[in-house]
Structure formats: C-alpha cells, structure tokens
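Numbering (my numbering), first residue to last: 49 to 443.
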Amino acid sequence: MNYPQRFSELPEYAFPRLRTLLGESEPGGNPPIQMTIGDPRHAPPDFVGPVIAEHAAGFMPYPPNDGTPELLSACAGWLKRRYDHDADPEREILVLNGTREGLYNASMALCPEAKNGRQPVILTPNPFYQVYAVASLSVGAEPRYVNATEATGFLPDFTALDADLLDRTAILYVCSPANPQGACATMAYWSALLALAEKHDFTIFADECYAEIYRGEPPVGVLEAVRATGADPERAVAFHSLSKRSNLAGLRSGFAVSGPGNIARMKQLRAYAGAPLPLPLQMAAARVWAEDTHVEENRRLYAEKFAAAARILPDQRIPEAGFFLWLPVPPAVGDGEQAALKLWREAGIKVLPGAYLARTTEAGNPGADFIRVALVGPLDETIDGLTRLRDCLYT
Numbered sequence: 049m050n051y052p053q054r055f056s057e058l059p060e061y062a063f064p065r066l067r068t069l070l071g072e073s074e075p076g077g078n079p080p081i082q083m084t085i086g087d088p089r090h091a092p093p094d095f096v097g098p099v100i101a102e103h104a105a106g107f108m109p110y111p112p113n114d115g116t117p118e119l120l121s122a123c124a125g126w127l128k129r130r131y132d133h134d135a136d137p138e139r140e141i142l143v144l145n146g147t148r149e150g151l152y153n154a155s156m157a158l159c160p161e162a163k164n165g166r167q168p169v170i171l172t173p174n175p176f177y178q179v180y181a182v183a184s185l186s187v188g189a190e191p192r193y194v195n196a197t198e199a200t201g202f203l204p205d206f207t208a209l210d211a212d213l214l215d216r217t218a219i220l221y222v223c224s225p226a227n228p229q230g231a232c233a234t235m236a237y238w239s240a241l242l243a244l245a246e247k248h249d250f251t252i253f254a255d256e257c258y259a260e261i262y263r264g265e266p267p268v269g270v271l272e273a274v275r276a277t278g279a280d281p282e283r284a285v286a287f288h289s290l291s292k293r294s295n296l297a298g299l300r301s302g303f304a305v306s307g308p309g310n311i312a313r314m315k316q317l318r319a320y321a322g323a324p325l326p327l328p329l330q331m332a333a334a335r336v337w338a339e340d341t342h343v344e345e346n347r348r349l350y351a352e353k354f355a356a357a358a359r360i361l362p363d364q365r366i367p368e369a370g371f372f373l374w375l376p377v378p379p380a381v382g383d384g385e386q387a388a389l390k391l392w393r394e395a396g397i398k399v400l401p402g403a404y405l406a407r408t409t410e411a412g413n414p415g416a417d418f419i420r421v422a423l424v425g426p427l428d429e430t431i432d433g434l435t436r437l438r439d440c441l442y443t
C-alpha cells in the first residue's frame with residue numbers, strides 16, 4: 049500500500065528519534081532518571097476505581113457517542129467553576145476519547161476544502177504538539193509553522209503574519225499553557241487573536257490541556273476572552289482533558305466546547321469516525337470533572353518541584369504553568385541533541401532535544417538549542433535529576 053505523499057514531510061516521532069540518538073549508550077548515573085515524557089505520575093483520585101467497578105455492567109452495551117448526561121453536565125459544571133462560562137451540555141460540548149482525538153478530528157470536521165478559492169492554511173505554533181501537523185496534512189491543508197521564541201514570549205505572534213496568508217488560513221492551533229514552554233496567553237493575547245480570526249475568517253483551536261497546572265493565578269482561557277470581547281462563539285473551539293488535570297491519561301476523558309454549529313459538525317463526523325468512551329469510564333470521568341480538591345493537591349505537588357527547580361537552577365526561566373522546563377543549552381555544550389547525549393552518558397538523565405518538538409523554518413528550528421525536561425516524577429527523584437542536570441550542563 050502506498051503511503052500518502054503528503055505525509056512524507058513528517059519526521060520520525062520524537063521518542064523513537066531519541067532512542068536512535070541514544071543508541072546503545074549506557075547511562076552514566078545510578079539510577080537512570082526518566083525526564084522525557086509528560087506522563088503524569090501523581091496519584092489520581094482514589095474513588096475512580098470503585099466508580100468503574102460499580103458500573104462494570106456498562107461495559108456490555110455500546111456507549112453513548114455524545115456522552116452521558118452525567119458526564120456532559122459535569123463538564124459544563126467545571127467550565128462554569130473554572131471560567132464562569134455557561135455552556136449548553138447538549139449543544140455546545142462534545143465528549144472525547146482523549147483530546148488528541150478531538151484536536152485531530154476537529155480539523156477533519158471544520159476545515160474547508162478551499163479557502164477563497166485556494167488551498168487552505170492551518171497555522172501551528174512551533175514547537176508544538178505533533179498531532180496538529182498530522183491533522184493539517186490529513187485534510188489537505190498547508191501547515192505553516194509560526195516560531196514561538198523568547199522574543200515572542202514563547203507564544204507565536206500570529207498578528208505579525210502576512211495578510212494574504214491569514215486570508216488563506218482556515219484553522220489556527222494554539223496551546224496555552226504552552227507545551228513545551230509553559231507560557232500562558234493573556235486576555236490581550238486571546239482578544240487580539242479573536243479579532244484576527246474575525247477579520248480573516250478562521251477558527252481558533254485552543255488546546256488548553258495544561259490549564260489546571262499553574263503557579264500563581266489561573267491562566268486565562270479563550271472562552272473568557274470570547275465572553276469579554278463579545279466574539280462569535282463559533283470562532284473558537286477549546287479542548288480540555290483529565291490527563292494532566294487529574295493524572296488520568298489512561299482514562300481518555302476529554303471534551304471540546306464551542307458554538308453549537310461547530311459542535312454539531314464535529315458530532316456528525318464522530319458518529320462515524322469516533323471511539324466513544326466506555327460507559328463505566330464516562331461515569332468515573334463525570335465524578336472526576338465534578339471534584340476539584342485533588343486538582344489543588346496536584347498543583348501543590350508540582351509547585352514543590354518547581355520551587356526546587358528555582359533553587360537548583362537559579363539562572364534558568366521557571367515557567368508559570370505546565371510541568372515542563374524548557375532549558376537553553378549552553379553554547380559550549382552544543383545543541384539539544386548533544387545536550388541529551390551528554391546528560392544520558394554522564395549523568396543518567398534522559399531528556400528530550402527541543403528540535404524534536406519543532407520544525408525547521410526559514411528562521412531556523414526554535415527548539416534546536418533547547419531541551420525539554422518533564423517534572424512528573426516524585427519530588428526526591430526530581431531534585432536528584434535536576435541536581436545532576438545542573439552539574440552536568442551548567443557548572
């Protein structure tokens with residue numbers, strides 16, 4: 049079977065690339081410490097297992113594709129508590145089997161075949177979550193990568209783009225808090241983006257899966273900006289997940305929220321191409337979305353680790369949200385790949401080269417001179433890992 053030509057530009061996924069880079073190299077530290085993958089390791093709520101067991105008979109029938117009333121109501125309740133946003137559970141929320149499904153299928157459902165008679169463009173931050181690029185190519189759009197650097201506050205400056213490119217734009221992906229840099233969009237940023245979307249007639253896909261992991265004030269969400277500016281609710285689709293909020297990546301509970309037109313089109317596609325969450329898992333997810341105490345504890349645990357990072361790496365930027373460090377590589381060490389090799393061979397620390405999360409544009413690869421470090425492990429392991437990292441790279 050022939051592989052579609054449009055996918056030929058996709059590089060190998062980040063983690064196989066890392067395995068190739070490290071090859072047969074032995075770790076220099078004892079024990080090795082894994083700080084590459086954003087796989088939450090804090091304890092999830094202890095009631096999840098009993099709820100699934102209580103509803104185990106629900107594994108027998110096909111689950112409801114649009115979500116149970118309990119889960120839809122819980123998602124709407126969380127939106128009200130978190131963003132003071134009133135969403136109609138039946139018409140404005142779509143339950144997802146993890147937000148990766150939604151971030152991909154939303155492009156399938158909402159991207160036109162042409163924009164102003166030309167191939168549509170999908171704008172993507174750079175670095176970015178790799179599903180954005182695959183979604184763009186799958187719908188026959190032209191992906192354009194907009195670098196997010198220190199000069200732009202680690203969020204892409206979409207307002208600086210050429211008007212002709214924006215007129216071809218159908219969809220714009222943005223992640224806030226950003227993966228990997230942890231930067232957060234402000235009300236001014238969202239408002240300017242919504243105005244740009246209205247002027248050039250495109251839809252914003254706001255990936256807000258890290259919205260509940262922050263230090264200080266809660267990050268502003270796109271829905272708050274929609275309300276504050278009076279923007280058309282169809283201009284934005286926001287995506288949320290229990291994976292990071294509640295340490296339940298394996299539960300696969302996420303949802304999308306937007307205007308009723310967008311949600312209706314996404315539901316229509318999902319009826320054919322979606323994978324609904326099993327009923328017992330929907331019942332457990334409803335309980336988790338409705339409970340916030342464990343989320344506060346989750347934030348406290350991350351805050352401890354970032355406070356430790358600030359002590360161990362006092363000269364490095366500590367992000368306001370998320371659970372990654374985006375660390376510049378000292379010029380004497382080289383680039384992100386060389387830093388990752390050095391850390392593994394000399395300190396037993398496994399990190400991800402920043403270039404693996406980005407594309408090379410005319411302005412270069414914005415991740416080339418960075419490494420991404422995940423602070424998902426226990427506090428003592430994190431302190432050990434960061435101390436080894438500091439001693440290997442920065443002293």
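By construction, the Cβ of each residue, glycine as well, lies at the ideal position given by its N, Cα and C atoms. What you are looking at is a predicted structure, and each value in this text was computed from that prediction instead of being measured.
Taking a 10 Å sphere around the C-beta of Q229, we find 16 or more other C-beta atoms and assign the residue as buried. Our two residues, A259 and G77, have alpha carbons roughly 34 angstroms apart in a direct line. Under a 10 Å Cβ-count criterion, P426 is classified as exposed, with fewer than 16 other Cβ atoms of the shown protein chains found around its own Cβ. Annotation: V381 is outside any beta strand (DSSP E) and is labelled neither H nor E by DSSP.
In the DSSP assignment, R192 falls within the unbroken beta strand (DSSP E) covering E190 to N195.
Collapsing the DSSP output to three states places A181 in a helix. Judged by DSSP secondary structure, Y237 falls within the alpha helix (DSSP H) whose first and last residues are M235 to H248.
A buried status is given to S306, since no fewer than 16 other beta-carbon atoms sit within 10 Å of its beta-carbon.
M331 is positioned such that its CB atom lies closer than 8 angstroms to that of H103.
Counting only residues of its own chain and dropping the five nearest sequence neighbours on each side, S155 has a CB closer than 8 angstroms to the CB of I170, A183, S184, S186, V187, A189, I219 and F253.
For I100, the number of other beta carbons within 10 angstroms of its own is at least 16, and it is reported as buried. With three or more CB-CB distances shorter than 8 angstroms, the region 59-76 counts as touching the region 392-403.
Leaving aside the five residues that flank E74 on each side, the residues in its chain whose CB is nearer than 8 angstroms to its CB run, in chain order, R393. In the DSSP assignment, T251 forms a beta bridge with I219.
Here DSSP, grouped into helix, strand and coil, assigns T84 to coil. Between A196 and L242, the C-beta spacing is not below 8 angstroms.
Taking 8 angstroms as the cut-off, the Cβ atoms of Y237 and L203 count as close.
In the displayed model, N174 falls within a strand according to three-state DSSP. Annotation for P191: I170, T172, A181, S184 and L185 place their beta carbon closer than 7 angstroms to its own, counting only its chain and skipping 5 residues before and after.
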